[in-house]
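I have placed the structure first, in the form of structure tokens, so that the comments after it can refer back to it.
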Amino acid sequence: MQVCTSVKELSALLDQSRNKGQSIGFVPTMGALHEGHLSLINRASQQNDIVVVSIFVNPTQFNNPADLANYPRMIDADLQILKKFNELVVFHPAVDEVYPENDSFLPIDLGGMDEVMEGQFRPGHFKGVVHVVHNLFRMIQPTDAFFGLKDFQQVSIISHMTKTYGFPIQIHPCPTIRNNDGLALSSRNMRLSENQLKEALILFQTLDFVRKNKSSYSPEKLKKMAIHFFRNSTLQLEYLEIVDVETLKPLTAEWTKDAACCIAAYCGQVRLIDNILLN
Ligand code: AMP
Numbered sequence: 061m062q063v064c065t066s067v068k069e070l071s072a073l074l075d076q077s078r079n080k081g082q083s084i085g086f087v088p089t090m091g092a093l094h095e096g097h098l099s100l101i102n103r104a105s106q107q108n109d110i111v112v113v114s115i116f117v118n119p120t121q122f123n124n125p126a127d128l129a130n131y132p133r134m135i136d137a138d139l140q141i142l143k144k145f146n147e148l149v150v151f152h153p154a155v156d157e158v159y160p161e162n163d164s165f166l167p168i169d170l171g172g173m174d175e176v177m178e179g180q181f182r183p184g185h186f187k188g189v190v191h192v193v194h195n196l197f198r199m200i201q202p203t204d205a206f207f208g209l210k211d212f213q214q215v216s217i218i219s220h221m222t223k224t225y226g227f228p229i230q231i232h233p234c235p236t237i238r239n240n241d242g243l244a245l246s247s248r249n250m251r252l253s254e255n256q257l258k259e260a261l262i263l264f265q266t267l268d269f270v271r272k273n274k275s276s277y278s279p280e281k282l283k284k285m286a287i288h289f290f291r292n293s294t295l296q297l298e299y300l301e302i303v304d305v306e307t308l309k310p311l312t313a314e315w316t317k318d319a320a321c322c323i324a325a326y327c328g329q330v331r332l333i334d335n336i337l338l339n
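My numbering applies: residue 61 is where the sequence shown begins, and numbers increase by one.
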């Protein structure tokens, strides 16, 4: 494992790989690594000659300053976890390395995909995500990039932006890793108490209910029933939507071929998201 903090250092290292015709896999993260991140890194290692893992808490994607301030940062523990990987480069840049003064980023139209669900409740979030991923793609020029379906809407938007900017990068959506009870792993879970970890299971229980009852009800009816689950919960539901996977538009009377149910809820001060694909 090698650690780079500057783009210059990173480019020199990756140029050596490119000159040898090696493929470069990229896994962007914000650190506080867990098994979900490791599943992406393992897949990238299986499919590529060299893997770059970025650890960068991106300020432009946080709409809430308290959320940014409280986001867990533990670079030493992260590096300890990544030590076991061969052919791995950790990119851990400062903010002005990712956003230089001569930043050539030009925003694109996300066709409303950034205005629903996460976009509705975290205004500007996806503009920040697109900006950081664009700049990291330009710096790293990977052949492959790996993203978790835990952030389902993000995967759709990244796939869209990769096509729009014409990046020759294969995007690999990877399954959500859960604990034994079904709770999706997240860096934010470490801010939950024992009790809250149990209460948060309602997210997966609700999604599982939707998956099991898809064939019996319309999306509209099932959404109403699922929202009802939160009536007696301590979690504060922010949204629950059943959407078409391609367009992210809410489904009402009819199911389309590929649908997803997406949830965001507050467990105390901690905002959790989860989703399930309903193919
Ligand atoms: P983050 O550090 O939260 O920005 O996440 C970095 C990458 O890991 C993103 O592509 C996430 O979707 C992915 N990820 C986070 N949690 C999980 C999980 N439980 N299972 C699979 N991938 C995940």
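Every residue gets a Cβ at the ideal spot worked out from N, C-alpha and C, and that includes glycine.
{"Asked": "DSSP three-state assignment for Ile323, whether helix, strand or coil", "Found": "strand"}
{"Asked": "Residue-level contact to chain D via CB, Lys281, 8 Å cutoff", "Found": "The chain labelled as chain D is not found in the depicted structure, where only one protein chain is given."}
{"Asked": "CB contact flag (Asp287, Leu295, <8 Å)", "Found": "Per the sequence shown, the amino acid found at residue 287 is Ile instead of Asp. No. Outside cutoff."}
{"Asked": "Close Cβ partners of Gly96 (< 8 Å) along its chain, the five nearest in sequence each way excluded", "Found": "Gly208, Lys210, Thr236, Ile237, Ala244, Leu245, Ser246"}
{"Asked": "Buried or exposed by the 16-neighbour rule on C-beta atoms within 10 Å, applied to Pro279", "Found": "buried"}
{"Asked": "Local conformation of Tyr225 per DSSP, three classes", "Found": "helix"}
{"Asked": "Those residues which DSSP pairs with Leu297 across a bridge", "Found": "Ala325"}
{"Asked": "Counted within 10 angstroms of its Cβ, other Cβ atoms place Val155 as buried (16 or more) or exposed", "Found": "exposed"}
{"Asked": "8 Å Cβ cutoff met for Asn195 and Asp169", "Found": "no"}
{"Asked": "Own chain, CB closer than 6 Å to Ile336, minus 5 neighbours either side, in chain order", "Found": "Leu267, Arg271, Cys321"}
{"Asked": "Inter-residue Cα distance where the pair is Phe227 and Cys327", "Found": "38 Å"}
{"Asked": "Length of the line joining the Cα atoms of Asn108 and Arg291", "Found": "47 Å"}
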